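Each residue of the sequence shown is one higher than the one before, starting from 4 at the first, in my numbering. Glycine included, C-beta positions come from ideal geometry on N, C-alpha and C. None of these values were measured; they are calculated from a predicted model. Before any comments, here is the structure.
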Amino acid sequence: MNELDALVESAAQGFAQATTPADLENAKAVYLGKSGRITELMKGLAALPVEEKKTRGAIINQAKQAIEAALNARRQALADAELEAQLKAEALDVSLPGRRLGQGGLHPVSLTLERIEGIFGSMGFDVAQGPEIESDWFNFTALNTPEDHPARSMHDTFYVEGGTQAAPNLLRTHTSPMQIRHAVQHVRRYQALLDAGEPMPEIRVIAPGRTYRVDSDATHSPMFHQCEGLWIGANVSFKDLKVVFTDFCRTFFESDDLVLRFRPSFFPFTEPSAEIDIQFPSGPLAGRWLEVAGSGQVHPNVVRNMGLDPEKYIGFAFGMGPDRLTMLRYGVNDLRLFFDGDVRFLSQFQ
Ligand code: PHE
């Protein structure tokens, strides 16, 4: 191997050992730099006679081209390797599942309210909503519960000054004020018929919503839900209450064998009054009476406060607890779970 072939080979080896572009530029300088080996050989040509200069020059030039070719090949190899490394580092795993948006859903108590509205809707009941900040008049007085009535103490709530029809002053303790609000509106709409002594279309309504009392334990929350029901007409009896409510409960719990008990009780705004208990024929709650609602025949004083003649209009009302119904339907044993807002609990109802 002559001197120049050896030079080309050592240059190729030097380039091969360079693992970064900077190393490669340093290796290049050794051969092609200002005082590199090739440059030095070129300078040495000057001292040669003309003929020799030609042949020797051509050989050096060949060696130079070979070194440049080796350099370019190595440059390309390093660039390819760098790109390869970069692609690997930034690799996108297209088989990874994407990030889903969490799916929201209705609260279990909302599901129950929808269910209640659907069932009573199919029986011809309207759905009404009223204010949670209520006046003394609608919450108590109009419901035959005057200021000094002992029944008020069981309904303790937050009060501020006021209490006239126009000045709400308390957080409503039940949905029963909606009996008066809705009936008064209904009567106003049909006042002309009433004045003419014509029969008025029946009042048939449910009123779901939030209510407030001082209780707080595993089965009572200071904020809870109620759903009022009211049916007033010329000839609506306690028997109708039993039929409607029994039908509702059996549909709600999808059990034709569900048993109901109307247990005598007292409310100032109904007479007679009854608590409604249910009993499941089978399952973990079988054999126990479970209270689900208060009810009764609307008191004549309340019918009068609705703007109707109690000699001509009669009917029933009930107030049930959707929270309780939700607990029974899904087997939840602590009411507070509904209001803690823990998604691990709530997502089970989707
Ligand atoms: N409002 C009563 C309560 O909260 C329930 C009820 C409603 C009773 C309608 C009779 C008629 O306890």
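Neighbourhood of Phe283 by C-beta, 6 Å cutoff - its chain only, sequence neighbours within 5 removed: Ala289
Counting pairs of Cβ atoms below 8 Å between the stretch 325-344 and the stretch 109-126, do you hit three or more? yes
Below 7 Å, is the gap between the Cβ of Gln229 and the nearest heavy atom of ligand 1? yes
Buried or exposed: which applies to Met323, given that a residue is buried once 16 or more other Cβ atoms fall within 10 Å of its Cβ? buried
Assuming contact is defined by CB atoms lying nearer than 8 Å, are Ala320 and Gly232 in contact in what I supplied? yes
Short check: CB of Cys252 to CB of Leu244, under 8 Å? no
Does His302 come out as helix, strand or coil in the three-state DSSP assignment? coil
Pro134: buried (16+ other C-beta within 10 angstroms of its C-beta) or exposed? exposed
Cβ-heavy atom distance, Ala320 to ligand 1, below 7 Å: yes
For ligand 1, I want to know if Phe270 counts as a neighbour, meaning its beta carbon is within less than 7 Å of at least one of the ligand's heavy atoms. yes
Glu54: first and last residue of the uninterrupted alpha helix (DSSP H) it sits in: Val53 to Ala92
So what's Arg327 in DSSP terms, helix, strand or just coil? helix
Which residues bound the beta strand (DSSP E) around Arg264? Val262 to Phe270
Could you check what DSSP says for Asp345 in three-state terms: helix, strand or coil? coil
Take Val112 and list the residues in its own chain whose beta-carbon comes closer than 7 Å to its own, dropping the five residues that flank it on each side. His228, Pro325, Asp326, Thr329 and Phe341
Can you have a look at Leu7 and say buried or exposed, based on whether 16 or more other CB atoms are within 10 angstroms of its CB? buried
Using the C-alpha atoms, what's the distance from Ala186 back to Met309? 6 Å
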